[in-house]
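Once you know that position 27 of the sequence shown is 27 in UniProt numbering, the rest is easy, because the numbers rise by one and skip nothing.
Okay, so here's the structure we're looking at.
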Amino acid sequence: MERNTLFGFLLIGIVLIWFSWFNRPTPEQLEAAKQYNDSVAAIEAAKQNIAEFEAEQTQENIANLTEIQSDSARQAALVNKFGPFATVVEGTESFTALENDLIRLTLSNKGGQICQAILKKYKSFNRDTLTLFEGKENRYGFLFKIGSRYINTTDLFFTPIATGDNQVTMRLDLGQNQYFDLVYRLDADSYMVKMDIQQKGMEQILANSTSDLDMFWEQTVRRQEKGRMFEERNSALYYKYLVDDVERLSDSKDEKKEVSNALKWIGYKNQFFSSALIADNKFEWASMESSVMHESPEYLKKMSATAVIPYSPDSENPAGFRIFLGPNSYPLLKSYNKNDEDYKLQLDRLIPLGASIFRWINTGVVIPMFSFFGKFIDNYGIIILLLTIVIKIIISPLTYKSYLSSARMRVLKPQIDEINARYPGQDKALDRQRATMDLYSRAGINPMSGCIPMLLQMPILFAMFVFFPSSIELRGESFLWAKDLSSYDAIVSWDTYIPLITPYFGNHISLFCLLMTITNILYTKINMDNSGGSQQMPGMKWMMYLMPLMFLFIFNNYASGLSYYYFVSTLITIIQTYIFRKCINEEKVLAKLQENQKKPRKKSGFMARLEEAQRQQQAMLREQQKRKNKGR
């Protein structure tokens, strides 16, 4: 195989390896110090208030108060402790359901919050129904400042008021026609829950100077997929600036970040499902934290955020939110950008489809083709096959050009061997190289012509690399022996932990990954046999076979759909190679090149620069040799 084709293969392998290492845990990066204005004091004060309040252990204090024998004294103590909220501190927890055909929500009157979310159309890898969270796994609330104290709504008892089939009001009834409502509405066929704050008389309870309201949201992200290691890598805390792009915390290590700029939404994402809290107005600032739960078999990460929202006690509708609880489906998330006010919502950025050109290929070509084939075909294994065939047909001109370049180099090999025999040894390496370049120039061959088509195909390879692990359409879809195309297809597995093997390779062998490796080895052998690369570069032969073997370790834990795509793609390339071999008459190619050698030919800019670089290098070597001779 000529050096140019080898260079192309090496680049593909190196970049794929880089992608794998990029997704691994990396050394903790130093966070640059920020200069904040007066909002820093507000951030620190609010966080301190939240911590101090939770440390008070409200319910424990209530239990202590029950020891007071006199009801009147006990009530006085509650009023002294909780002020106007004393009447809603005690109660019995009850639950209210809110559901449609897609999702079933359970709301608790304690805190007036959503305590369970079940996605009806999906299942987890080991459960009958997919529960996004339940109980204490999801917790959010607001903090009211009364004097020097903070009252947390998660410790207060709301009164549920049903106002329709798809709407529930959780009322914090403070008496004297004063209340604080959380109004939930779930429309039909929607994963988006509307939560509005409605209130009356709060200006009589809170200070007149109150202009914002502290809130918090924390969630323990459940494990939903078979491959924990890969799911953990694809789980992260995302957030979107009000007038800027979407960013995220680290997906491989613990991280905490404070943002003083306004945010539009905060999202907790695992591989295929997300929870996102979207402000109708904005979050004025936020402090977010994500920590990996390595030791837990059921949970992936703990994510939390504290934030401040604009708030006025005398407003009847001071704030509103939307809560997305659903799948990471690109068409679904993209649909929320339809309204003008949501033009920059960008919830689809929760799906990691690559940056720049890679994302454009996925969103502009791959996903539309997937959706088109999905209208007529139910089997996603067949859809991937058709997708692969279409892509290979589109890039077949590049594949043909690469093979033609290889054929030209191959028919010139006897002349190259003559040059090697004419200039043997390391001391004549520059003469040998110059003669070879001169031969290429006279024959009209660009040494890079075989490598460039391969490089042009790389964006498609990388786009597929990020698309398949992020495609929820493949989740739970079986094909042949693979039970789930979004996860690995183990044909052999074991329980024993093997150092250096288990952390990176896993405790299994994926069949599609194995087939992909075998076809890559076969393709490598065919290319080397066609180009005579084993004779031209015998020292590089082992490296060419090492690359496919590395793919086995890289892709063993990846989605079987990805390995299946690469397997079919390589198999089609092998078939194309044999077809091109039959179609291309190498005798005619040689005759054409010999005819070119007889013609006076103007050197291309590339060849001229290459020869100039060789002359400069040769001059430097001669100068070095002269200095060595003088030193003797």
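Heads up, the beta-carbon is just placed ideally off N, CA and C, and yes, glycines get one too.
Computed from a prediction, not measured in an experiment: that's the story for all the values here.
* Straight-line gap, asparagine 177 to serine 487 (C-alpha atoms, nearest Å) -> Position 177 of the sequence shown, counted from the first residue, corresponds to residue 177. Position 487 of the sequence shown, counted from the first residue, corresponds to residue 487. Cα to Cα, asparagine 177 sits roughly 56 Å from serine 487.
* To do: Output the distance between the C-alpha atoms of leucine 277 and asparagine 557, rounded to the nearest integer angstrom.
  => Here the question's residue 277 lines up with position 277 in the sequence shown. Here the question's residue 557 lines up with position 557 in the sequence shown. Here the alpha carbon of leucine 277 sits roughly 32 Å from the alpha carbon of asparagine 557.
* What is the rounded straight-line gap between the Cα of threonine 577 and the Cα of leucine 325? -> In the sequence shown, counting from the first residue as 1, residue 577 sits at position 577. In the sequence shown, counting from the first residue as 1, residue 325 sits at position 325. Cα to Cα, threonine 577 sits roughly 48 Å from leucine 325.
* Asked: Whose CA, out of Asp101, Asn109, Lys110, lies closest to the CA of tyrosine 118?
  -> Position 118 of the sequence shown, counting from 1, holds the residue named residue 118. Per the sequence presented here, residue 118 reads as isoleucine, with tyrosine not at that position. When each option's Cα is compared against that of isoleucine 118, the closest is Asp101.
* Provide the residue(s) that pair with serine 291 in DSSP beta bridges, ordered along the chain. => Within the sequence shown, residue 291 is the residue found at index 291, counting from 1. Beta-bridge pairing links serine 291 to Lys302.
* To do: Just tell me which of Tyr565, Met550, Pro424, Tyr504 has its CA closest to the CA of leucine 386.
  => Locating residue 386 in the sequence shown gives position 386, counting from the first residue. Measuring from the Cα of leucine 386, the nearest candidate turns out to be Tyr565.
* How many Å lie between arginine 372 and serine 471 at the Cα? -> Position 372 of the sequence shown, counting from 1, holds the residue named residue 372. Position 471 of the sequence shown, counting from 1, holds the residue named residue 471. Arginine is not the amino acid found at residue 372; the sequence shown has phenylalanine there. Going by C-alpha positions, phenylalanine 372 is about 15 Å away from serine 471.
* Might you give, ordered along the chain, the residues of its own chain that have their beta carbon closer than 7 Å to the beta carbon of threonine 26, omitting 5 neighbours on each side? => Position 26 of the sequence shown, counted from the start, is the residue given in the question as residue 26. Because the pLDDT of threonine 26 is 39, which lies under 50, any placement of that residue in the model is unreliable, and the question is left without a value.
* According to the neighbour-count rule (16 or more other Cβ atoms, all chains shown, within 10 Å of its Cβ), is glycine 112 buried or exposed? -> The residue you call residue 112 lines up with position 112 of the sequence shown. So glycine 112 counts as buried.
* From which residue to which residue does the alpha helix (DSSP H) around glycine 229 run? -> Here the question's residue 229 lines up with position 229 in the sequence shown. In the sequence as presented, glycine is not what sits at residue 229; that position holds methionine. Segment 228-233, the alpha helix (DSSP H) holding methionine 229.
* Can the beta-carbon of glutamine 199 be found closer than 8 Å to that of proline 318? -> As a first step, residue 199 must be located in the sequence shown, where it is residue number 199. As a first step, residue 318 must be located in the sequence shown, where it is residue number 318. Cβ atoms of glutamine 199 and proline 318: closer than 8 Å.
* arginine 359: first and last residue of the uninterrupted alpha helix (DSSP H) it sits in -> Your numbering for residue 359 matches position 359 in the sequence shown. Going by DSSP, arginine 359 is part of the alpha helix (DSSP H) stretching over 356-361.
* To do: Flag this pair as touching only if the segment 297-307 and the segment 220-239 have three or more C-beta atom pairs under 8 Å; answer yes or no.
  => Cβ pair count under 8 Å is three or more, so yes.
* Asked: In chain order, which beta strand (DSSP E) runs of at least 3 residues are fully inside the segment 96-124?
  -> As far as the segment 96-124 is concerned, its whole beta strand (DSSP E) runs of at least 3 residues are 103-108, 113-119.
* Across which residues does DSSP place tryptophan 217 in a beta bridge pair? -> Along the sequence shown, read from residue 1 onward, the residue named residue 217 stands at position 217. DSSP lists Tyr140, Ala305 as partners of tryptophan 217.
* Asked: Do you know offhand how far serine 402's Cα is from glycine 381's?
  -> Locating residue 402 in the sequence shown gives position 402, where the first residue counts as 1. Locating residue 381 in the sequence shown gives position 381, where the first residue counts as 1. Using only the alpha carbons, I get a separation of about 29 Å.
* Asked: Do leucine 350 and glycine 267 have their C-beta atoms closer together than 8 Å?
  -> Residue numbering aside, residue 350 sits at position 350 when the sequence shown is read from its first letter. Residue numbering aside, residue 267 sits at position 267 when the sequence shown is read from its first letter. The Cβ-Cβ distance between leucine 350 and glycine 267 falls below 8 Å.
* **Beta bridge counterpart(s) of asparagine 152 as assigned by DSSP** => Here residue 152 refers to the residue found at position 152 when the sequence shown is read from its first residue. Beta-bridge annotation (DSSP): asparagine 152 is paired with Leu143.
* Asked: According to the neighbour-count rule (16 or more other Cβ atoms, all chains shown, within 10 Å of its Cβ), is arginine 171 buried or exposed?
  -> The residue labelled residue 171 in the question sits at position 171 within the sequence shown. With 16 or more other Cβ atoms within 10 Å, it is buried.
* Asked: Looking at alanine 463 and asparagine 362, is the spacing between their C-beta atoms short of 8 Å?
  -> Locating residue 362 in the sequence shown gives position 362, counting from the first residue. Locating residue 463 in the sequence shown gives position 463, counting from the first residue. Their beta carbons are under 8 Å apart, which means asparagine 362 touches alanine 463 by this criterion.
* **Identity of the residues DSSP links to methionine 195 by a beta bridge** => Residue 195 sits at position 195 when you count from the first residue of the sequence shown. Per DSSP, Tyr184, Phe321.
* Asked: Does the distance from the C-beta atom of glutamine 271 to that of serine 235 stay below 8 Å?
  -> Locating residue 271 in the sequence shown gives position 271, counting from the first residue. Locating residue 235 in the sequence shown gives position 235, counting from the first residue. The answer is yes: Cβ separation under 8 Å.
* According to the neighbour-count rule (16 or more other Cβ atoms, all chains shown, within 10 Å of its Cβ), is alanine 591 buried or exposed? -> As a working mapping, residue 591 is identified with position 591 in the sequence shown. Taking all protein chains shown into account, alanine 591 has fewer than 16 neighbouring C-beta atoms within 10 Å of its C-beta and is therefore exposed.
* Other residues of its chain near isoleucine 114: CB distance less than 6 Å, five sequence neighbours each side excluded -> For the purposes of this step, residue 114 is taken as residue 114 along the sequence shown, with counting starting at 1. Excluding its 5 nearest sequence neighbours in each direction, isoleucine 114 has C-beta neighbours in its own chain below 6 Å: Leu105, Leu107, listed in chain order.
* Asked: Around the Cβ of leucine 549, are there at least 16 other Cβ atoms within 10 angstroms (buried) or fewer (exposed)?
  -> Within the sequence shown, numbered from 1, the residue matching residue 549 stands at position 549. Leucine 549 comes out exposed.
* Alpha-carbon spacing of arginine 139 relative to leucine 500, whole angstroms -> Walking along the sequence shown from the start, residue 139 turns up at place 139. Walking along the sequence shown from the start, residue 500 turns up at place 500. The alpha-carbon separation between arginine 139 and leucine 500 amounts to approximately 39 Å.
* Asked: Taking arginine 581 as the reference, which of Gln415, Arg410, Pro424 has the closest Cα?
  -> Stepping through the sequence shown from its first residue, residue 581 is reached at position 581. In terms of Cα proximity to arginine 581, the closest of Gln415, Arg410, Pro424 is Arg410.
* To do: May I ask you to report which of helix, strand or coil DSSP gives alanine 276?
  => Within the sequence shown, residue 276 is the residue found at index 276, counting from 1. Three-state DSSP puts alanine 276 in a strand.
* Going by DSSP, what residues sit across from glutamine 178 in a beta bridge? -> Along the sequence shown, one-based indexing puts residue 178 at 178. Paired residue(s): Gly175.
* With a 10 Å radius around its C-beta and 16 neighbouring C-beta atoms as the bar for buried, classify isoleucine 572 as buried or exposed. => By one-based count along the sequence shown, residue 572 stands at place 572. So isoleucine 572 ends up on the buried side.
* alanine 286 to aspartate 280, Cα distance in whole Å? -> Within the sequence shown, the letter at position 286 stands for residue 286. Within the sequence shown, the letter at position 280 stands for residue 280. Distance between the alpha carbons of alanine 286 and aspartate 280: 16 Å.
* From the DSSP output, in three-state form, read off tryptophan 494 for me. => Sequence index remark: in the sequence shown, residue 494 carries index 494 (1-based). DSSP, reduced to helix, strand and coil, places tryptophan 494 outside both helices and strands of the structure shown, so it counts as coil.
* To do: Output yes or no for whether 8 Å exceeds the beta carbon distance between glutamate 203 and aspartate 378.
  => In the sequence shown, the residue the question calls residue 203 occupies position 203. In the sequence shown, the residue the question calls residue 378 occupies position 378. Taking 8 Å as the Cβ cut-off, glutamate 203 and aspartate 378 do not qualify as a contacting pair.
* Quick check: the segment 116-136 against the segment 144-158, are there 3 or more CB pairs under 8 Å? -> Short answer: they don't touch.
* To do: State yes or no: is the C-beta of tyrosine 122 within less than 8 Å of the C-beta of proline 327?
  => Against the sequence shown, residue 122 aligns to sequence position 122. Against the sequence shown, residue 327 aligns to sequence position 327. Remark: C-beta atoms of tyrosine 122 and proline 327 approach each other more closely than 8 Å.
* Asked: How would you label glycine 533, buried or exposed, when you count the other beta carbons within 10 angstroms and need 16 or more for buried?
  -> Here residue 533 refers to the residue found at position 533 when the sequence shown is read from its first residue. Any reading at glycine 533 must be qualified, since the residue scores a pLDDT of 49, below 50, and its modelled position is unreliable; the value itself is stated next. The residue is buried, with at least 16 neighbouring Cβ atoms inside 10 Å.
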